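Numbers in our numbering are just positions in the sequence shown, counted from 1, shifted up by 1.
Note that CB positions come from ideal geometry on N, CA and C, so glycine has one too.
These figures come from a predicted structure and were not determined experimentally.
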Amino acid sequence: MGILDQQAEERIRAAMARGEFAHLPGEGLPLAFEDERLVPAEVRMVHHVLRNAGCLPPQILAMKEATEVADQAARIADGRVRDNALGRLNLLLTSLAAQGQRHMAETVLAQYRQKLLVKLSR
Numbered sequence: 002m003g004i005l006d007q008q009a010e011e012r013i014r015a016a017m018a019r020g021e022f023a024h025l026p027g028e029g030l031p032l033a034f035e036d037e038r039l040v041p042a043e044v045r046m047v048h049h050v051l052r053n054a055g056c057l058p059p060q061i062l063a064m065k066e067a068t069e070v071a072d073q074a075a076r077i078a079d080g081r082v083r084d085n086a087l088g089r090l091n092l093l094l095t096s097l098a099a100q101g102q103r104h105m106a107e108t109v110l111a112q113y114r115q116k117l118l119v120k121l122s123r
């Protein structure tokens with residue numbers, strides 16, 4: 002650690018000891034880092050507006066839906082109902098893979114397998 006880093010750390014510790022960071026907005030919450038330095042400025046603004054509006058890209062919505070369906074399928078005991086849920090899950094995963102999001106589909110499938118294994122081990 003360089004001398005400037007050490008001085009900064011010492012000043013931060015001293016300020017914390019004096020209570021200068023107490024009761025600030027967001028205290029105790031994780032910092033939300035959004036590193037978009039490589040994203041063009043006009044696209045950054047669009048991302049910011051959409052994020053504030055609560056909008057998500059279609060791929061993220063599809064992954065969330067697939068995760069929810071996988072959770073449901075892992076909990077269902079009735080064979081026919083589970084088969085319907087698995088059919089829906091297969092459709093969502095195939096859609097994600099067709100959109101070039103194969104890694105997302107594989108992540109959801111791995112989570113489903115893990116939950117199913119936990120259920121079967123009981």
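- DSSP, reduced to helix, strand and coil, places residue 80 within a helical segment of the structure shown.
- Rounded to the nearest whole angstrom, the C-alpha separation of residue 18 and residue 77 is 53 Å.
- Rounded to whole angstroms, the separation of the alpha carbons of residue 109 and residue 15 is 46 Å.
- Excluding five sequence positions before and after residue 112, the CB atoms of its chain that fall closer than 7 Å to its own CB belong to 68, 71, given in chain order.
- A distance below 9 Å separates the beta carbons of residue 97 and residue 64.
- When the five nearest sequence neighbours on each side are left out, no beta carbon in the same chain lies closer than 7 Å to the beta carbon of residue 54.
- For residue 20 and residue 5, the gap between their C-alpha atoms comes out near 23 Å.
- Counting only runs of at least 3 residues, the segment 36–89 fully encloses no beta strand (DSSP E) element at all.
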